[in-house]
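Structure first, commentary second.
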Amino acid sequence: MSPNISTGFWTRNELDERDVRRCIGAVKDQYPIHVVEELEDQGYCSYTLLISPLSDASETAQERGKTGSTIKKRAHDLPCSYIVQIRPEQHLLDIEIARTAIETYGSLAPAVRTLDLLLPPRLQAFELSYLEGVPYTRRQSRTPQLDPSTWQKQAALVQSFAAVIARSWDVHARTAYSSRSYRADSPIQDNPDCLLSLCRGRVGSQIFRKLHYLSQNLPDASLRQKTKHLLSRLQALEDLPAILNHGDLIPSNILIDEETWQIKGLVDWAEAEVLPFGTCLYGLEHLLGYFDASDVAKPRFVYYGGAPRLREMFWTRLEEEVPESRGLKEKIMLARDVGVLLWFGYAWDEGAIDRVVNNEDDREELECLRKFLDIRKD
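The sequence shown lines up with residues 1 to 378 when you count with full-length UniProt numbering.
Rendered as structure tokens:
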């Protein structure tokens with residue numbers, strides 16, 4: 001297999017080089033007047049190809065006094081037309097979710113359509129509109145102290161992130177329930193007329209059960225106690241809207257302008273679903289620090305020296321963008337803690353999210369759990 005092919009995707013899905021050629025060939029047949037090449041930044045759940053236009057002008061080699069073949073040049077100065085992702089059946093994109101993402105976040109989310117290609121069994125191809133920007137991972141500083149130039153860009157990124165999060169507040173705000181058959185202080189898991197009843201996705205439909213399970217099975221007493229305390233306060237989420245949350249807000253899925261670090265797009269919406277506003281704010285932590293895995297036995301999440309100031313910038317900008325959120329910071333932080341526990345409390349075993357993390361196999365996840373929940377002490 002060619003060394004520049006993302007072998008991990010094919011190996012994980014028990015596919016061989018014939019399958020690789022078949023997939024790439026099918027995509028090339030779909031886009032006969034485009035250049036098809038592997039995307040440099042590959043995700044875990046898909047194999048991604050860049051579909052670029054050819055220049056309208058073709059020049060013949062004869063005109064240049066060389067061979068007789070016609071050479072079509074790639075138009076490097078033109079934007080890429082499409083992204084094509086090949087995904088296994090357990091990681092398919094939901095077209096309705098993709099539409100909702102555009103309704104909610106506008107041009108920050110890609111348009112998606114299904115492609116009818118002849119692929120190996122259990123694979124599906126999707127065409128996505130191309131989003132400008134580079135993954136934040138390419139620019140992320142990995143030193144605790146930021147130089148003045150990087151600090152300015154980091155501040156711009158954090159404030160841009162707040163503006164992105166704010167977009168969802170009004171778009172899919174939940175309907176205010178004027179008639180209730182339950183008291184407002186009824187236990188949230190027993191109340192069908194509540195915020196969580198609108199959260200029907202893979203994670204949202206099981207929030208209470210998943211948190212309860214974590215409260216019994218997380219590997220240390222401190223984490224279990226924090227989860228129990230959070231469970232006792234879930235009713236407070238009722239004051240927040242239920243909105244579409246991006247399900248995997250990590251640095252590689254955040255596209256930024258190379259110069260300004262303003263957010264240009266969010267990619268990989270496969271795990272997105274409707275959840276309480278703020279559930280995805282674990283993503284903010286990735287903009288306030290970095291992961292140091294140089295010691296495999298003891299990975300560390302390191303906050304930048306100015307992280308508290310950056311965090312305040314986020315909240316100030318969020319309240320400017322969403323005046324209705326003033327006075328709700330504690331409740332939004334509660335939703336954020338729910339997100340931290342659900343995303344880092346369960347191991348991501350090839351997409352199966354039902355195993356609680358442990359000290360032997362999931363050191364990075366536990367480091368994130370402890371560090372991200374510990375900021376509540378500040």
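Every residue, glycine too, gets a C-beta built ideally from N, C-alpha and C. As the structure is a computational prediction, the values presented were derived from the model and not from experiment.
Touching by the beta-carbon criterion (3+ pairs, under 8 Å), the segment 252-263 and the segment 155-165:
When C-beta atoms of the segment 252-263 are compared with those of the segment 155-165, three or more pairs fall below 8 Å, so the two segments count as touching.
Name, in chain order, the residues that DSSP records as bridge partners for GLY327.
The partner list for GLY327 (beta bridge, DSSP) is empty, contrary to what the question assumes.
If you follow the alpha helix (DSSP H) that PHE277 is in, where does it begin and where does it stop?
For PHE277, there is no enclosing alpha helix (DSSP H), as DSSP marks it with neither H nor E.
Counting only runs that start and end within the UniProt domain "Aminoglycoside phosphotransferase" (213-274), where is the alpha helix (DSSP H) found for 4 or more residues in a row?
With a minimum length of 4 residues, the continuous alpha helix (DSSP H) runs that stay inside the UniProt domain "Aminoglycoside phosphotransferase" (213-274) are 221-231.
Run through the DSSP bridge pairs and tell me what GLN85 is partnered with.
Looking at the DSSP output, GLN85 sits in a beta bridge with THR48 and PHE126.
N-terminal and C-terminal residue of the alpha helix (DSSP H) that SER113 is part of
Checking the displayed sequence, the identity of residue 113 turns out to be Arg instead of Ser. Premise fails: ARG113 lies in the beta strand (DSSP E), 112-115, not in any alpha helix (DSSP H).
C-alpha gap between ARG183 and LEU237, whole angstroms:
Any answer about ARG183 is weak, because its pLDDT of 36 lies below 50 and its placement is not dependable; what the coordinates show is given next. Between ARG183 and LEU237, the C-alpha separation is close to 15 Å.
If you compare alpha carbons, which of LEU119, TRP261 and LEU240 is closest to GLU330?
For the set LEU119, TRP261 and LEU240, the Cα lying nearest the Cα of GLU330 is the one of LEU240.
When you compare each of MET333, ARG99, VAL35 and LEU234 to LEU211 by their alpha carbons, which one comes out closest?
Comparing Cα-Cα distances from LEU211 to each of MET333, ARG99, VAL35 and LEU234, the minimum goes to LEU234.
Euclidean distance between Cα positions of ARG167 and LEU328
Distance between the alpha carbons of ARG167 and LEU328 is about 17 Å.
Is it true that the CB of GLU96 sits closer than 8 Å to the CB of LEU115?
No, Cβ-Cβ distance for LEU115 and GLU96 is not below 8 Å.
I'd like to know whether the C-beta atoms of ILE243 and TRP169 end up nearer to each other than 8 Å.
Result yes, Cβ atoms of ILE243 and TRP169 sit closer than 8 Å.
Using 8 Å as the threshold, is the C-beta distance between TYR130 and ILE83 below it?
Cβ atoms of TYR130 and ILE83: closer than 8 Å.
Where ASP16 falls: helix, strand or coil (DSSP)
In the structure shown, ASP16 sits in coil (DSSP, three-state: anything other than H, G, I, E or B).
Host beta strand (DSSP E) of GLU37 (start-end)
It spans 34-38 - the beta strand (DSSP E) in which GLU37 sits, taken as one unbroken run.
Same chain, Cβ closer than 6 Å to GLY305, five either side skipped, listed in chain order:
Within the same chain, GLY305 has close Cβ partners PRO144 and GLN145.
Going straight from the alpha carbon of GLU59 to that of CYS23, what length do you get?
Note that GLU59 scores a pLDDT of 38, beneath 50, so its modelled location is shaky; the value from the coordinates is reported in the next line. If you take the alpha carbons of GLU59 and CYS23, they lie about 30 Å apart.
Three-state class that DSSP yields for TYR303 in the structure shown:
DSSP, read as helix, strand or coil, puts TYR303 in strand.
Residue(s) in a DSSP beta bridge with ARG355
When DSSP reads this structure, ARG355 sits in a beta bridge with ALA347.
For PRO120, which of helix, strand or coil comes out of DSSP?
DSSP places PRO120 in coil when its eight states are reduced to three.
For TYR290, list the residues DSSP reports as bridge partners.
Answer is VAL302, bridged to TYR290.
Is the segment 223-233 close to the segment 245-253, with three or more CB pairs under 8 Å?
Below 8 Å, too few C-beta pairs join the segment 223-233 and the segment 245-253 to call them touching: fewer than three.
Going by the CB atoms, is the gap between SER81 and PRO53 shorter than 8 Å?
In this structure, SER81 lies closer than 8 Å to PRO53 by Cβ.
VAL296, DSSP secondary structure in three states:
Here VAL296 sits in coil by DSSP.
Could you compute how far the alpha carbon of ILE33 sits from the alpha carbon of ARG113?
Within the model, the alpha-carbon separation for ILE33 versus ARG113 is close to 20 Å.
Cβ pair count under 8 Å reaching 3, the segment 292-306 against the segment 264-275
No, the segment 292-306 is not in contact with the segment 264-275.
Could you compute how far the alpha carbon of ASP362 sits from the alpha carbon of ASP29?
In a straight line, the C-alpha of ASP362 is about 42 Å away from that of ASP29.
6 Å CB neighbourhood of ARG326 in its chain, flanking five on each side removed:
Once the five neighbours on either side are set aside, the close Cβ partners of ARG326 are GLU319.
Would you mind giving the Cβ-Cβ distance between VAL203 and LEU342, rounded to the nearest angstrom? I have them listed as a contact below 8 Å.
That pair is a contact at about 6 Å.
Residues bridged to VAL134 [DSSP beta-bridge criterion]:
Residue pairing of VAL134 in beta bridges, as defined by DSSP: ILE256.
Comparing alpha-carbon positions, which option in TYR136, VAL36 and ASP354 lies nearest GLN206?
With distances taken between Cα atoms, GLN206 lies closest to ASP354.
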